[in-house]
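> Positions in the sequence shown are counted from 1; adding 66 to them yields the numbering used here. C-beta atoms are modelled at their ideal positions from N, C-alpha and C, and glycine is treated no differently. This one's a predicted model, so the numbers in the text were calculated from it and none came from an experiment. Please read through the structure below; I'll follow up with questions.
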Amino acid sequence: MNIQIQSKLNDKVVQDYNTSDMFFNVYEIVSFLSKDMSLYPGDIIACGTNAGLGPMEHGDLIQVSLEGIGKVTNKLS
């Protein structure tokens, strides 16, 4: 799998990498998880973070975009 991922913290790009750079590939992660639980369309698998993202504070806005899939935006409260 070859998907570009970009993270922005308060509209500043703090991460920009490809899934091909991950320690475990997407197929290995899904295979491992599905041995112990059911996965359904729309499930989100959080795999940790790549280099570049540091501490976040109350009120920060984090946005993660996956090329060709979409984006998720959350405000820390």
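Hey, how far is the Cα of L141 from the Cα of I71?
Counting from 1 along the sequence shown, the entry for residue 141 is found at position 75. Counting from 1 along the sequence shown, the entry for residue 71 is found at position 5. A quick correction: the sequence has Lys, not Leu, at residue 141. Each residue's alpha carbon lies about 19 angstroms from the other.
> Return the chain-ordered list of same chain residues with a C-beta closer than 8 angstroms to the C-beta of N91, the five sequence neighbours on each side being excluded.
The sequence position of residue 91 within the sequence shown is 25, counting from 1. Here the set comprises M67 and T85.
> How about I111 and L75: are their beta carbons less than 7 angstroms apart?
Taking the sequence shown and counting its residues from 1, the one referred to as residue 111 is at position 45. Taking the sequence shown and counting its residues from 1, the one referred to as residue 75 is at position 9. Cβ distance not < 7 angstroms, so I111 and L75 don't count as in contact.
> Report buried or exposed for S97, applying the criterion of at least 16 other Cβ atoms within 10 angstroms of its Cβ.
Here residue 97 is taken as the residue at index 31 of the sequence shown, counted from 1. By the neighbour-count rule (16 or more Cβ atoms within 10 Å), S97 is not buried but exposed.
> According to DSSP, is D87 helix, strand or coil?
Translated into the one-based positions of the sequence shown, residue 87 becomes position 21. Note: D87 maps to helix in three-state DSSP.
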